[in-house]
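Trainee:
In the working numbering, the protein residues as written are 1 to 205.
In structure tokens, the structure reads:
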């Protein structure tokens, strides 16, 4: 029960339903999730261990320290590169087909909202992680996801930047289809580094 509650609260944090710095009240969470106090408290303790929550006269959604931006992106680049390398080795063809469909869905259009773009992008990278077939690496990926997305939420990418990002996605998938492990690693790392080049200056404004 506690693991289920933890998963639901984590999704609320990663989906920005619960904002950085927001205070959480156990009784309100119990009512909102339809869960008892014990599993909610256990879930909050687990999320504290993952770095998503902090205790400061109650529970607070952890905020991102702007001074750690480079460290966050460096960690993300290493994880994305490693998972892409393994996905090139292990992932089935159906995973590549699904990635190509997501790329098409992420092309800029009037119907594509920021929330939907974030959801599709998240699904894209999670599919690569699944394709890597490495549960421990998947845990590392999940633990960096919170900090990574909290940095990206306030940034509004331009249409040209979205198009460039999708071209980077295509390079990753091309390497995966070719079973080019080195190429997939490089393309995934380059993708994160290029994103950092957009995000870092904007956060320091």
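Just so you know, even glycine gets a beta-carbon here, dropped at the ideal spot from N, CA and C. These figures come from a predicted structure and were not determined experimentally.
1) Quick one: what's got a C-beta closer than 6 Å to residue 162's C-beta in the same chain, skipping five residues either side?
2) Check residue 61 in the structure and name its three-state DSSP category.
3) Could you check which residue in 59, 68, 81 has the C-alpha nearest to that of residue 183?
4) For residue 179, count neighbouring C-beta atoms within 10 Å of its own C-beta (all shown protein chains included) and say buried if the count is 16 or more, exposed if not.
5) If residue 37 and residue 181 are in contact, beta carbons under 8 Å, what's the gap, nearest whole angstrom?
6) Which one of 196, 113, 127, 121 has the shortest CA to CA distance from residue 86?
7) Please classify residue 132: is it buried, with 16 or more other beta-carbons within 10 angstroms of its beta-carbon, or exposed?
8) Nearest-angstrom Cα distance between residue 24 and residue 136?
9) Output the boundary residues of the alpha helix (DSSP H) element that contains residue 98.
10) Sort 192, 196, 198 by Cα distance to residue 78 and report the nearest one.
11) Would you call residue 106 buried or exposed, if buried means 16 or more other Cβ atoms sit within 10 Å of its Cβ?
12) Quick one: using the 10 Å Cβ neighbour count with 16 as the cut-off for buried, is residue 56 buried or exposed?
13) Exposed or buried, residue 6, counting other C-beta atoms within 10 Å across all chains shown (16 or more means buried)?
Mentor: The structure says:
1) 108
2) strand
3) 81
4) exposed
5) Actually they do not touch by this definition, with Cβ atoms about 48 Å apart.
6) 127
7) buried
8) 29 Å
9) 93–105
10) 192
11) buried
12) exposed
13) buried
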